[in-house]
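Per the working numbering, the sequence shown starts with residue 64, numbered consecutively. A short worksheet on the structure shown next.
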Amino acid sequence: MQEQLSFKSQQVGQLYLVPTPIGNLDDMTFRAVNILKEADLILAEDTRHSQKLLNHFDITTPQLSYHEHNEKERQAEVLAKLAEGQRIAQISDAGMPAISDPGADLVTACIAANVPVIPLPGASAGLTALVASGLNPDRFAFIGFLPRKKNDRLHSLQDHVNFPYTMIFYESPFRLKQTLADMMGVFGADRSAVVVRELTKSYENFVRGSLGELVDYYDVHPDIKGEICLLLAGNDHPQSNDDLLQSALADLSLAEQVNWWMTNDSLTSKQAIKKVAKQNGLAKQEVYAAYHMGEEG
64 MQEQLSFKSQ
74 QVGQLYLVPT
84 PIGNLDDMTF
94 RAVNILKEAD
104 LILAEDTRHS
114 QKLLNHFDIT
124 TPQLSYHEHN
134 EKERQAEVLA
144 KLAEGQRIAQ
154 ISDAGMPAIS
164 DPGADLVTAC
174 IAANVPVIPL
184 PGASAGLTAL
194 VASGLNPDRF
204 AFIGFLPRKK
214 NDRLHSLQDH
224 VNFPYTMIFY
234 ESPFRLKQTL
244 ADMMGVFGAD
254 RSAVVVRELT
264 KSYENFVRGS
274 LGELVDYYDV
284 HPDIKGEICL
294 LLAGNDHPQS
304 NDDLLQSALA
314 DLSLAEQVNW
324 WMTNDSLTSK
334 QAIKKVAKQN
344 GLAKQEVYAA
354 YHMGEEG
């Protein structure tokens with residue numbers, strides 16, 4: 064058990080997680096600017112990118128790069144500075160650090176070292192998109208980026224077929240069309256979804272509809288640019304595991320389904336025939352005849 068008193072006087076420093084604008088610089092908070100000015104060091108995902116933000120707000124605090132390719136090497140250095148009492152602010156290129164960005168491992172390491180981790184509220188693309196999406200915002204899950212490889216992506220989507228709440232994804236404009244097509248194949252053409260581009264910028268754009276409608280829309284409008292949030296409605300009518308399995312077996316013949324149940328669930332032929340009949344809404348005699356005809360064939 065551990066209790067953190069974020070602002071109690073202590074010997075070690077503090078790690079501040081500072082959100083930055085996702086497009087509109089006016090979304091930077093007064094507190095975020097002050098923390099960045101007062102910090103001893105800023106950890107930035109891309110120091111060249113962040114320098115534009117710092118220049119805009121006249122922030123002269125030194126930066127140190129901290130990103131997915133060097134965070135393991137940097138972590139010990141950062142922990143040592145915190146142990147000396149330094150106040151360090153972490154930022155990502157946009158939005159909240161540690162959300163699909165570097166930072167989560169450093170937070171864990173700081174907690175293990177009893178270094179206070181102090182979050183600031185601010186811009187977050189996923190939540191900003193959610194509240195204006197028109198989908199249910201009461202309960203939701205942040206999924207983030209899907210795997211790039213098609214089979215891995217499909218497996219990940221299939222894991223969420225029965226998920227009952229709104230899902231928030233991040234996606235590249237180069238993969239959006241393929242991801243929408245994959246989602247339609249897994250969730251069906253009628254599932255509601257929203258594509259949100261360029262949040263808080265002058266070209267902010269929401270496209271709301273069913274997955275089928277969105278696939279058709281981006282076939283006609285293939286020029287896709289900008290940062291994208293993709294939101295998907297939850298499943299209002301989740302299927303049982305048996306129903307999901309039956310959907311997967313639907314392309315097999317009745318005889319093949321019987322054999323599948325016998326092989327994979329250790330059922331007798333009689334038990335498997337009864338199972339297949341129930342799953343397909345058929346009379347046992349019909350499945351029995353199809354099974355034995357298949358055996359003879």
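C-beta atoms are modelled at their ideal positions from N, C-alpha and C, and glycine is treated no differently.
C-alpha distance - residue i paired with residue j, whole-angstrom precision
i: Glu349; j: Pro301; result: 29 Å
i: Lys347; j: Asn225; result: 30 Å
i: Thr92; j: Asn118; result: 15 Å
i: Asn327; j: Arg211; result: 31 Å
i: Tyr79; j: Asn97; result: 12 Å
i: Ala192; j: Cys292; result: 7 Å
i: His130; j: Gln65; result: 28 Å
i: Lys288; j: Tyr280; result: 15 Å
i: Lys240; j: His218; result: 18 Å
i: Pro67; j: Arg150; result: The amino acid at residue 67 is misidentified as Pro; the sequence shows Gln. Whole-angstrom Cα-Cα distance: 16 Å.
i: Gly207; j: Phe232; result: 4 Å
i: Leu142; j: Phe205; result: 29 Å
i: Lys100; j: Arg238; result: 38 Å
DSSP beta-bridge partners of residue i
i: Ala204; result: Met230
i: Cys292; result: Tyr233 and Val259
i: Ala107; result: Ser128 and Ile154
i: Ala180; result: First, the amino acid is wrong: residue 180 is Val here, not Ala. Answer by DSSP bridge pairing, in chain order: Leu78.
i: Val270; result: Val258
i: Thr242; result: Answer by DSSP bridge pairing: none, since Thr242 is not bridged.
i: Thr83; result: Gly158
For residue j and residue i, believed in contact at Cβ under 8 Å, the rounded distance
i: Met230; j: Val278; result: Not really, about 17 Å apart at Cβ, beyond 8 Å.
i: Leu116; j: Thr83; result: 6 Å
i: Leu183; j: Ala95; result: 6 Å
beta-carbon residue i near the ligand FAD non-hydrogen atom, thresh 7 Å
i: Gly248; result: You won't find the ligand FAD in this model; it holds no ligand whatsoever.
Cβ shell of residue i (< 6 Å), same chain only, five flanking positions each side left out
i: Gly360; result: Residue placement at Gly360 is poorly supported in this model, since its pLDDT is 49, which falls under 50; the coordinates are not used for a value here.
i: Ile85; result: Ala157, Gly158, Ala186, Ala188, Leu262 and Thr263
i: Gln77; result: Arg150, Pro179 and Ile181
Chain-order list of residues whose beta-carbon lies under 8 Å from that of residue i (same chain, five-residue window excluded)
i: Ser196; result: Thr229, Val257, Val259, Phe269, Arg271 and Leu294
i: Arg400; result: Residue 400 falls outside the range modelled here, since the chain spans only 64 to 360, and no answer is possible.
i: Gln138; result: Asp168, Leu169 and Ala172
i: Ser113; result: Thr83, Ile105, Ala107, Gln126, Ile154 and Asp156
CB contact below 8 Å: residue i versus chain D
i: Ala139; result: The structure shown has no chain D; it contains just one protein chain.
Residues near residue i by beta carbon distance below 7 Å, same chain, minus five either side
i: Lys337; result: Lys347
Problem set entry | the segment 266-274 touching the segment 329-347, judged by at least three CB pairs closer than 8 Å | no
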